[in-house]
Structures are given as structure tokens and as C-alpha cells.
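This report refers to the structure that appears directly beneath it.
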Amino acid sequence: MAAFDLAAERRQTAFEQLSGARRDDAVYGSAHEVILRNAGKETVTVTVREPIPGDWTIVSESRPHERPDAGTAEWKLRVPGGGRVTLGYRVRVKSMLQ
Numbered sequence: 100m101a102a103f104d105l106a107a108e109r110r111q112t113a114f115e116q117l118s119g120a121r122r123d124d125a126v127y128g129s130a131h132e133v134i135l136r137n138a139g140k141e142t143v144t145v146t147v148r149e150p151i152p153g154d155w156t157i158v159s160e161s162r163p164h165e166r167p168d169a170g171t172a173e174w175k176l177r178v179p180g181g182g183r184v185t186l187g188y189r190v191r192v193k194s195m196l197q
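In our numbering, each residue carries its 1-based index in the sequence shown increased by 99.
Spelled out as C-alpha cells, the structure:
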């Protein structure tokens, strides 16, 4: 399998301010979608790392994540040969501006 057999597409599907009147006490919600495609013949495992600043919580996701550090969500996804996998998640972030 060659690296050029893999492709990824990421897009933000929603964004909203959930609470807080000022930027320093605001809570935001956003939703994201990552589509992974494998043009190769073999199934591969792809690690998706999403940097998320601030005090964050994943509120829904299509696959379970890990949290390797305070500012990163990580998913390990198996993508079949000739196939695709879609990861969707929604995150809530409390602003940490001082």
C-alpha cells in the first residue's frame, strides 16, 4: 500500500455560541466530519488527530475517541481497501481567554 492510496476530507458542519455574553466566558459548539478513502487493496488503520484548544468535551461521535493530551482528540479508524469511512463528532468548548 502506498500513501497516495489514502485521501482525507475534513469539514466543519456546524458552529454556534451556546452561552456566555463575552468572549472570555463563552461556550461554543461545533460539529465536524472527516471522510477517509482508501484506494488500495488492503485494509489500513488511520489515526485522525484533531487539535481542540480550551476546555473541551466531545458530546457525540460516530466512533470512540482517545485523549492523548489536553488539547487533542484522537481516533483510530480502520479503512477497508477500496472503501471509505466517515467520522462525525460534535464538541463543546469553553473559552479560556483571560
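No residue lacks a Cβ here, since even glycine has one placed at the ideal position from N, Cα and C.
Taking 8 Å as the threshold (C-beta atoms), are residue j and residue i in contact?
| i | j | result |
| --- | --- | --- |
| V147 | L105 | no |
| R189 | G128 | yes |
| V145 | V178 | yes |
| I151 | V192 | yes |
| P161 | L186 | Just to set this straight, residue 161 is Ser in the shown sequence, not Pro. Yes, the pair counts as a contact, with Cβ atoms nearer than the cut-off. |
Just reading off the beta strand (DSSP E) that residue i is part of, what are its end residues?
| i | result |
| --- | --- |
| F103 | Careful: F103 lies outside any beta strand (DSSP E) and carries neither H nor E. |
For the ligand NAP, is there any heavy atom lying closer than 7 Å to the beta carbon of residue i?
| i | result |
| --- | --- |
| V158 | Judged by which ligands are present, the structure shown has none, so any question about the ligand NAP falls away. |
Below 8 Å, can you find three or more Cβ-Cβ pairs linking the stretch 166-175 to the stretch 109-121? no
3-residue-minimum beta strand (DSSP E) runs that sit fully inside the stretch 138-197, ordered along the chain: 143-150, 154-160, 165-168, 171-178, 183-193
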